[in-house]
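Asker: Below you'll find the structure I mean.
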Amino acid sequence: MKDSLRRTLWISRVTFLEAVRQRFFAFLLVLSAAMVLSSVSLRVFDFGHGELKFIADFGFGGMFFFGSVLAVVMTAQLFFSEIDNKTALTLLAKPLSRPEFLLGKFFGAWAVLGVFVLVLAGLQGVVLWAREQELVAAAEQAGRIPTTFSIVGLCQLVLLQWLRLGVVIAIVLAISSLARTFLFTVVVGSLAVVAGQLQWIAQDAFLRPTDSPVYTAFLWVSTRLIPNLQQFNLADALVLGSAVVEEGALISVGFSGLAYLVAYLTLGSLIFRRREI
Amino acid sequence: MNYAISVRHLTKDFRIGIRGLKLRAVDDLSLEIPRGQVYGLLGPNGCGKSTTLKVVLGLVSATAGEISILGEPSATSAARRRTGFLPEAPYFHKFLTGRELVRYCAQLSGVAASELDAAVEDALGLAAMNEAAGRPIGTYSKGMLQRIGFAQAVVHDPELIILDEPTAGVDPVGSASIGRMIHAMRDKGKTVVLCSHLLGQVEQVCDRVAIMDRGKLVLEGAVEDVLSRRDRHVMTIEAMTPTARAAAEAALEAHGAKITSVTHPRRSLEDLFRELVTGSRDA
Ligand SMILES: Nc1ncnc2c1ncn2[C@@H]1O[C@H](COP(=O)(O)OP(=O)(O)OP(=O)(O)O)[C@@H](O)[C@H]1O
Ligand SMILES: [Mg+2]
Chain A
156 MKDSLRRTLW ISRVTFLEAV RQRFFAFLLV LSAAMVLSSV SLRVFDFGHG
206 ELKFIADFGF GGMFFFGSVL AVVMTAQLFF SEIDNKTALT LLAKPLSRPE
256 FLLGKFFGAW AVLGVFVLVL AGLQGVVLWA REQELVAAAE QAGRIPTTFS
306 IVGLCQLVLL QWLRLGVVIA IVLAISSLAR TFLFTVVVGS LAVVAGQLQW
356 IAQDAFLRPT DSPVYTAFLW VSTRLIPNLQ QFNLADALVL GSAVVEEGAL
406 ISVGFSGLAY LVAYLTLGSL IFRRREI
Chain B
650 MNYAISVRHL TKDFRIGIRG LKLRAVDDLS LEIPRGQVYG LLGPNGCGKS
700 TTLKVVLGLV SATAGEISIL GEPSATSAAR RRTGFLPEAP YFHKFLTGRE
750 LVRYCAQLSG VAASELDAAV EDALGLAAMN EAAGRPIGTY SKGMLQRIGF
800 AQAVVHDPEL IILDEPTAGV DPVGSASIGR MIHAMRDKGK TVVLCSHLLG
850 QVEQVCDRVA IMDRGKLVLE GAVEDVLSRR DRHVMTIEAM TPTARAAAEA
900 ALEAHGAKIT SVTHPRRSLE DLFRELVTGS RDA
């Protein structure tokens, strides 16, 4: 067990190194950071709640979008670079089990996205804080109630986004373990993310009380196969306090994310076990 | 006898395309590879050598047949701990340095942390890669890639070393040094299995050979037995004159023997090359 953990750790360490030494990661990180920072110049000047929301929407939108791109493309790339370059042959001929290899890939990629989310959220926090100081001063002069943002909420959001990206990585790895090519994995992985994002709409739109139980069951199963990724997007509520988020709701979102993550990793490991390298 | 590798009635079909067309890569192959010897697996391109090795290592599943490796019924992690493998046309993470790669492979192969540094340096030394070990693998030449591949295959002191075309793309001096590494392994009591198209080298390095064609075994045996023609003899004669030759022929004929050919011995291009060239700059 201890050896197994160690081997997983070594794989993830090299995976992490490989990912951060690639230009793709640096490029997306810089692009997203530029997006966060540029939101400062796009001021709305209504000195109200709207402006902080605008900055937050813009920055978190970038984190969300580029994070998803990174999670899909980079994970598929990290997996297929090992298969296509045949380094997987060398590694899997060693006393290393297939699940250990896949988990190593997972934790390596997840760590990279952890860095990504942390850096961006840090920048976002600084930008929001700086603007908040100005807004508070202006509001006091005008005798209005200032709007603020929540640091604790920001931290909770970072964790939720990281978890969401972890679920995406696990889905992409499950697809990779079945797929033959990088391109197929990226296309199907992206579709899965979009489906996950829109899943809650489908759930509402297709379910009517008059439907037959078979149809309801089918819909229930198919919507459960793909996680509802929208439930992690609580940026407004958590950071700007636009709505109250109960602790229980937060925890249940966390658990559902973890459950999907584990389920997809297990599925991926089972498929990868039978794959011919 | 307990063999290093034994393969019984191995068949491997690959499915090709969506229609599931079958391609038989290995066809009812049976082999027994004794311990402590250098064993050569020969055959034309696509005859199933690499596939056989991959099945033995558990990287590809067999369609039918049984294998055993180091006394284990399949490539269990215990068996793989005692096995080293160099795949054909090896390619490693190019952003790691040679030393980092060998270290990484040693860790994955279960080398204890206390022995790690010594094992890594030993393996690099054996493959004559100490000097270049600090450079990223992306900058290596083909010969260096093969040698760093050799180092990662032997770093955990395995009993069985499987090398798929260890000398492909390596110059004759380099491949002679790989030949020496293989002999050094055999002298330590290891079993070495290798595939190669360089028959001259196989002849020098291997104790036993098997020749495959279209997935089937066509010949197997000790190199000595397979190659020597015990009913023919070769003499090398110096300062021969026509009269001496006539006398020798007459003398042989008197005993019922017959000279069927007289030629000049040739040295091989490889020997000539090695005489003239000292070594590549990588070596
Ligand atoms: N993953 C695969 N999918 C489909 N066919 C394969 C696969 N791997 C190998 N083959 C086929 O199996 C046959 C044997 O291939 P293999 O690589 O074992 O040959 P080889 O003897 O190692 O040849 P070479 O000397 O060129 O290395 C070939 O016809 C090859 O096309
Ligand atoms: Mg081959």
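Chains as they are written, first to last, in our numbering: chain A, 156 to 432; chain B, 650 to 932. For each residue, glycine too, the CB sits at the ideal point set by N, CA and C.
1. Taking only beta-carbon atoms, is Arg253 (chain A) less than 8 Å away from chain B?
2. Just to confirm my understanding: we take Glu255 (chain A), look at its own chain, exclude 5 residues before and 5 after, and list those with CB closer than 8 Å. What are they?
3. For His658 (chain B), does the three-state DSSP call read helix, strand or coil?
4. Ile935 (chain B) by DSSP, collapsed to three states: which one?
5. Please confirm whether Cys754 (chain B) has its beta-carbon closer than 8 Å to some beta-carbon of chain A.
6. Sorry if obvious, but does the Cβ on Glu431 (chain A) come closer than 7 Å to a heavy atom of ligand 2?
7. Using only CA atoms, which one of A:Val274, A:Asp239, A:Leu244 lies nearest to Phe180 (chain A)?
8. Give a yes or no on whether the C-beta atoms belonging to Gly783 (chain B) and Thr746 (chain B) are separated by under 8 Å.
9. Taking 8 Å as the threshold (C-beta atoms), are Val705 (chain B) and Ile716 (chain B) in contact?
10. Does at least one heavy atom of ligand 1 sit under 7 Å from the Cβ of Leu708 (chain B)?
11. Please list, in chain order, the chain B residues whose beta carbon lies closer than 7 Å to that of Leu247 (chain A).
12. In three-state terms, what does DSSP make of Ile432 (chain A)?
13. Under DSSP, the alpha helix (DSSP H) around Glu255 (chain A) begins and ends at which residues?
14. Counting pairs of Cβ atoms below 8 Å between the stretch 413 to 427 of chain A and the stretch 319 to 329 of chain A, do you hit three or more?
15. Going by DSSP in three states, Leu847 (chain B) sits in which element: helix, strand or coil?
16. Can you find at least 3 beta carbon pairs, one from the stretch 819 to 838 of chain B and one from the stretch 908 to 925 of chain B, that sit closer than 8 Å?
17. Could you tell me whether the Cβ of Gln801 (chain B) comes closer than 8 Å to any Cβ of chain A?
18. Quick one: is Tyr740 (chain B) near chain A, going by C-beta distance under 8 Å?
19. Is the CB of Lys260 (chain A) under 8 Å away from at least one CB in chain B?
20. With a threshold of 7 Å, establish whether the CB of Asp862 (chain B) neighbours any heavy atom of ligand 2.
21. Going by Cα to Cα distance, which pick from A:Leu312, A:Arg253, A:Ala292 is closest to Thr303 (chain A)?
22. Can you tell which of B:His742, B:Thr701, B:Lys743, B:Leu757 has the C-alpha that lies nearest to the C-alpha of Ser726 (chain B)?
23. What ranges does the alpha helix (DSSP H) occupy inside the stretch 814 to 885 of chain B, keeping only unbroken runs of at least 4 residues that lie completely in it?
24. Would you mind telling me which residues of chain A sit closer than 9 Å to Ser758 (chain B), beta carbon to beta carbon, in chain order?
25. Under a Cβ-count criterion, where at least 16 other Cβ atoms within 10 Å of its own Cβ denotes burial, should Asp880 (chain B) be classed as buried or exposed?
26. Go ahead and label Arg857 (chain B) buried or exposed: buried means 16 or more other beta carbons lie within 10 angstroms of its beta carbon, across all protein chains shown.
27. Which bits of chain A does Ser790 (chain B) rub up against, with CB to CB less than 7 Å?
28. Do the stretch 375 to 392 of chain A and the stretch 260 to 278 of chain A meet, that is, are 3 or more Cβ pairs less than 8 Å apart?
29. For Arg729 (chain B) and chain A, any beta-carbon pair shorter than 8 Å?
30. DSSP three-state call for Ser717 (chain B): helix, strand or coil?
31. Per the contact definition of three or more C-beta pairs closer than 8 Å, is the stretch 246 to 262 of chain A in contact with the stretch 763 to 773 of chain B?
32. Have a look at Ala347 (chain A) and Tyr370 (chain A) and give me their C-alpha separation to the nearest angstrom.
33. For ligand 3, which residues have a Cβ under 5 Å from at least one heavy atom, in chain order?
34. Beta-carbon separation of Glu237 (chain A) and Leu290 (chain A) under 8 Å?
35. Do you know offhand how far Leu233 (chain A)'s Cα is from Ser193 (chain A)'s?
36. Kindly provide the ranges of any beta strand (DSSP E) runs that are 3 or more residues long and lie completely inside the stretch 743 to 807 of chain B, ordered along the chain.
Answerer: Answer, in terms of the structure:
1. No, no contact with chain B.
2. Once the five neighbours on either side are set aside, the close Cβ partners of Glu255 (chain A) are Ser159, Arg162, Thr163, Ile166.
3. In the three-state reduction of the DSSP assignment, His658 (chain B) falls in the strand class, which pools E and B.
4. Nothing about residue 935 (chain B) can be read from this structure; chain B reaches only from 650 to 932.
5. Closer than 8 Å: yes.
6. No, Cβ of Glu431 (chain A) sits at least 7 Å from all heavy atoms of ligand 2.
7. The candidate whose alpha carbon is nearest that of Phe180 (chain A) is A:Val274.
8. Going by C-beta atoms, Gly783 (chain B) is nearer than 8 Å to Thr746 (chain B).
9. Val705 (chain B) sits close to Ile716 (chain B), with the two beta carbons spaced by under 8 Å.
10. False, no ligand heavy atom lies under 7 Å from that Cβ.
11. The CB of Leu247 (chain A) comes closer than 7 Å to the CB of Leu708 in chain B, given here in chain order.
12. Reduced to three states, the DSSP call for Ile432 (chain A) is coil.
13. Segment 253 to 297, the alpha helix (DSSP H) holding Glu255 (chain A).
14. With the cut-off at 8 Å, the stretch 413 to 427 of chain A and the stretch 319 to 329 of chain A touch.
15. For Leu847 (chain B), the secondary structure class from DSSP, reduced to helix, strand or coil, is coil.
16. The count of Cβ pairs closer than 8 Å, one atom from the stretch 819 to 838 of chain B and one from the stretch 908 to 925 of chain B, reaches three, so the stretches are in contact.
17. It does; some Cβ of chain A falls within 8 Å.
18. Closer than 8 Å: yes.
19. For Lys260 (chain A), the answer is no, since every Cβ of chain B falls outside 8 Å of its Cβ.
20. Look at Asp862 (chain B): its beta carbon is at least 7 Å from all of the heavy atoms in ligand 2.
21. Looking at the Cα atoms, A:Ala292 is the closest of the given residues.
22. Of the listed residues, the one whose Cα sits closest to Ser726 (chain B) is B:Leu757.
23. Those alpha helix (DSSP H) runs which fall completely within the stretch 814 to 885 of chain B and span 4+ residues are 821 to 836, 848 to 854, 872 to 876.
24. Neighbours of Ser758 (chain B) in chain A, taken as residues whose beta carbon is under 9 Å from its own, are Lys249, Pro250, Leu251 in chain order.
25. Per the 10 Å Cβ criterion, exposed.
26. It counts as buried.
27. Residues of chain A passing the Cβ test: none, with the nearest at roughly 17 Å.
28. No: the two stretches stay apart, fewer than three of their Cβ pairs being nearer than 8 Å.
29. Taking Cβ atoms only, chain A reaches closer than 8 Å to Arg729 (chain B), which makes this a yes.
30. The three-state reading of DSSP puts Ser717 (chain B) in strand, counting E and B together.
31. Contact fails: fewer than three Cβ-Cβ distances are below 8 Å.
32. So the alpha carbons of these two residues sit roughly 22 Å apart.
33. Ligand 3 is absent from the structure shown, which contains only ligand 1 and ligand 2.
34. Contact flag unset, no.
35. Cα to Cα, the separation comes out at about 31 Å.
36. For the stretch 743 to 807 of chain B, not one full-length beta strand (DSSP E) segment reaches 3 residues or more.
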